[in-house]
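Written out below as structure tokens is the structure these notes cover.
In the working numbering, the protein residues as written are 48 to 433.
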């Protein structure tokens, strides 16, 4: 694949496309019911570019009060979400739907602010940066919209399928038959590195390195050039996005049910843990020396020692094809099988709270400013607060 030209012809095409992608709700900056903490944004899949799945800035919800959560609003779309998960930035919650639209809701009140886009399924989690929100559709079309009012900015075609875009260092990274880097402002292709086997997981970024999984391989790439630094064949099939913490790459695999820990410098195996055939799709979260990962097959959440892989606890409930999230000593997980969202004590695994959802959920919860957001296949984005 070669970089797109930014010549007059592309400008004219972009102007024409912008008519197709105009938002269908009133534009402009809304009046919010309360002022959110601007530093507590959950701007992309699993919070940050390293995909550790942890909001370190959450101070309202904790193990002592999470049992008081209740649903405060539901933002409805016209179809289900699948694996799409919400992100929250500057008081707006964003999520893509199977109906082909990207939705923006007031994060406090649930009011629909705008929706934009048409056509293909938006199962990938969006990302927000630089005043824009980036959304990928099945088939590889990556679009950028104004984060405040949904106006179309640009659209390009990528090799990705359903991997959520990752934003870091002024670039948007996606994975598919290739790992690609695109300019944040224009969408122009900066580089593309073909992979031996396709990835459907998100690319993770840490400092000057990228990490990707595809087929039987885990890869490390140079974030500036796309050059492959190392690749490790661990002879399994991975679908979870890697989490990077303390020099280790953590990833779960689909076929044999292992959680793997690889050294970020050279890809050597630090440890692996056998879940006895579980784990499809869930990505790990890492904080305070513990790896948390959902287990769809066993409807459970595992907590493992991040240095040794030793089991710390295993929950009953919380297994999803989505991923677990952690904030302020609490682990959040939406169970696909139980149509329920759970909160567990991060240290002990004790269930602190649960609430039924009106449909299966494959969505990864986002925790921001004392609120929990999660999608369900009733087509609703559900928000919980104290």
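We treat Cβ as the ideally placed atom computed from N, Cα and C, and that holds for glycine.
Beta carbon of residue 187 nearer than 8 Å to that of residue 207: The residue labelled residue 187 in the question sits at position 140 within the chain shown. The residue labelled residue 207 in the question sits at position 160 within the chain shown. In contact: residue 187 and residue 207 (Cβ atoms closer than 8 Å).
Quick check: what's the CA-CA separation for residue 380 versus residue 363? Counting from one through the chain shown, the residue named residue 380 turns up at place 333. Counting from one through the chain shown, the residue named residue 363 turns up at place 316. Roughly 11 Å between the two C-alpha positions.
Cβ of residue 168 within 8 Å of Cβ of residue 147? Position 121 of the chain shown holds residue 168. Position 100 of the chain shown holds residue 147. A contact, by the Cβ cut-off of 8 Å.
Roughly how many whole angstroms lie between the Cα atoms of residue 89 and residue 205? Working through the chain shown from its first residue, we reach residue 89 at position 42. Working through the chain shown from its first residue, we reach residue 205 at position 158. Those two C-alpha atoms are separated by around 24 Å.
Return the residue from the list 289, 322, 134, 288 that minimises the CA-CA distance to residue 304. Working through the chain shown from its first residue, we reach residue 304 at position 257. Answer by Cα proximity: 322.
With DSSP run on the structure shown, which of helix, strand or coil describes residue 283? As a working note, residue 283 is residue 236 in the chain shown. In this structure, residue 283 counts as coil in the three-state DSSP scheme.
Option in 390, 132, 96 with minimal Cα separation from residue 408: What you label residue 408 is simply residue 361 of the chain shown in a count that begins at 1. The option with the nearest alpha carbon to residue 408 is 132.
Suppose contacts are defined by Cβ-Cβ distances below 8 Å. Is residue 180 in contact with residue 194 by that definition? The count along the chain shown starts at 1 and reaches residue 180 at position 133. The count along the chain shown starts at 1 and reaches residue 194 at position 147. Yes, the Cβ-Cβ distance between residue 180 and residue 194 is below 8 Å.
Grouping DSSP H, G and I as helix and E and B as strand, with all else coil, what is residue 308? Residue 308 sits at position 261 when you count from the first residue of the chain shown. Here residue 308 sits in strand by DSSP.
How long is the line joining the alpha carbons of residue 81 and residue 154, rounded to whole angstroms? For the purposes of this step, residue 81 is taken as the residue at position 34 of the chain shown. For the purposes of this step, residue 154 is taken as the residue at position 107 of the chain shown. Because the pLDDT of residue 81 is 46, which lies under 50, any placement of that residue in the model is unreliable, and the question is left without a value.
So, is the C-beta of residue 331 closer than 8 Å to a C-beta in chain C? The question asks about chain C, but that chain is absent: this structure has only one protein chain.
With a threshold of 6 Å on Cβ separation, who are the neighbours of residue 114 within its own chain once the five nearest residues in sequence on each side are excluded? Mapped onto the chain shown, residue 114 falls at position 67. These residues qualify, in order along the chain: 399, 400.
How would you call residue 200, buried or exposed, if buried means at least 16 neighbouring beta carbons within 10 angstroms? Your numbering for residue 200 matches position 153 in the chain shown. Buried, since its Cβ has 16 or more Cβ neighbours within 10 Å.
Range of the contiguous beta strand (DSSP E) that encloses residue 169: As a position in the chain shown, residue 169 is number 122, starting the count at 1. Counting along the chain, residue 169 falls outside any beta strand (DSSP E), and DSSP gives it neither H nor E.
Tell whether a beta-carbon distance below 8 Å holds between residue 317 and residue 295. Here residue 317 refers to the residue found at position 270 when the chain shown is read from its first residue. Here residue 295 refers to the residue found at position 248 when the chain shown is read from its first residue. For residue 317 and residue 295, yes; Cβs fall inside 8 Å.
When we look at the beta-carbon of residue 345 and count the other beta-carbons within 10 Å, is it buried (16 or more) or exposed? For the purposes of this step, residue 345 is identified with residue 298 of the chain shown, where counting begins at 1. It is buried - the Cβ of residue 345 has at least 16 other Cβ atoms within 10 Å.
Within its chain, find whatever has a CB closer than 7 Å to the CB of residue 112; leave out the 5 residues flanking it on each side and keep chain order. The sequence position of residue 112 within the chain shown is 65, counting from 1. If we look at residue 112 and ignore the five residues flanking it on each side, its Cβ neighbours are 433.
Given this structure, state the Cα-to-Cα distance separating residue 375 from residue 393, to the nearest angstrom. Here the question's residue 375 lines up with position 328 in the chain shown. Here the question's residue 393 lines up with position 346 in the chain shown. Their Cα atoms are separated by approximately 9 Å.
Assign residue 330 to one of three DSSP states: helix, strand, or coil. For this step, residue 330 is matched to residue 283 along the chain shown. Coil at residue 330, not helix or strand.
Kindly identify the DSSP beta-bridge partner or partners of residue 181. As a first step, residue 181 is located in the chain shown; it is residue number 134 there, counting from the start. BP columns for residue 181 point to 174, 191.
Distance check for residue 160 and residue 178, CA to CA, integer angstroms please. Along the chain shown, one-based indexing puts residue 178 at 131. Along the chain shown, one-based indexing puts residue 160 at 113. The alpha-carbon atoms of residue 178 and residue 160 are separated by roughly 16 Å.
Mark residue 328 as exposed unless 16 or more other C-beta atoms lie within 10 angstroms of its C-beta, in which case mark it buried. For the purposes of this step, residue 328 is identified with residue 281 of the chain shown, where counting begins at 1. Looking at its Cβ environment, which holds 16 or more other Cβ atoms inside 10 Å, residue 328 is buried.
Taking just the CA atoms, how far does residue 417 sit from residue 106? Here residue 106 corresponds to residue number 59 of the chain shown, with the count starting at 1. Here residue 417 corresponds to residue number 370 of the chain shown, with the count starting at 1. Near 7 Å, if we compare the C-alpha coordinates of residue 417 and residue 106.
Spatial distance of residue 173 from residue 149 (CA atoms): Locating residue 173 in the chain shown gives position 126, counting from the first residue. Locating residue 149 in the chain shown gives position 102, counting from the first residue. The straight-line gap from Cα to Cα measures roughly 8 Å.
Determine the burial state of residue 123: buried for a count of at least 16 other Cβ atoms within 10 Å of its Cβ, exposed for fewer. Working through the chain shown from its first residue, we reach residue 123 at position 76. So residue 123 counts as exposed.
Selection from 152, 365, 130, 128 that minimises the alpha carbon distance to residue 138: Position 91 of the chain shown, counting from 1, holds the residue named residue 138. Nearest option by C-alpha distance: 152.
For the beta strand (DSSP E) containing residue 209, list its first residue and its last residue. Within the chain shown, numbered from 1, the residue matching residue 209 stands at position 162. From DSSP, residue 209 is part of no beta strand (DSSP E); its letter is neither H nor E.
For the beta strand (DSSP E) containing residue 35, name the first residue and the last one. With the chain covering 48 to 433 only, the question about residue 35 has no answer from this structure.
Would DSSP call residue 423 helix, strand or coil? Here residue 423 corresponds to residue number 376 of the chain shown, with the count starting at 1. Three-state DSSP puts residue 423 in coil, outside helix and strand.
Thinking C-alpha only, which one of 258, 252, 224, 232 is nearest residue 244? Here residue 244 is taken as the residue at index 197 of the chain shown, counted from 1. When each option's Cα is compared against that of residue 244, the closest is 224.
Where residue 254 falls, given that 16 or more other Cβ within 10 Å makes a residue buried: Numbered from its first residue, the chain shown carries residue 254 at position 207. Answer is exposed; the Cβ neighbour count stays below 16.
Would you mind sorting residue 190 into buried or exposed? The rule is 16 or more other CB atoms within 10 Å of its CB. Here residue 190 is taken as the residue at index 143 of the chain shown, counted from 1. Residue 190 comes out buried.
Hey, residue 101 and residue 92: beta-carbon distance below 8 Å or not? As a working mapping, residue 101 is identified with position 54 in the chain shown. As a working mapping, residue 92 is identified with position 45 in the chain shown. No, these two residues do not count as a Cβ contact at 8 Å.
Relative to the C-alpha of residue 403, which residue among 388, 395, 412, 415 is closest? As a first step, residue 403 must be located in the chain shown, where it is residue number 356. If we check each option's Cα against that of residue 403, 388 comes out closest.
Starting from the C-beta of residue 227, find all residues in its chain whose C-beta is less than 6 Å away, skip the five residues before and the five after it, and write them out in chain order. The residue you call residue 227 lines up with position 180 of the chain shown. 205, 221, 239.
Hey, quick one: how far does the beta strand (DSSP E) through residue 399 stretch, first residue to last? One-based indexing of the chain shown puts residue 399 at position 352. Element bounds for residue 399: 398 to 403.
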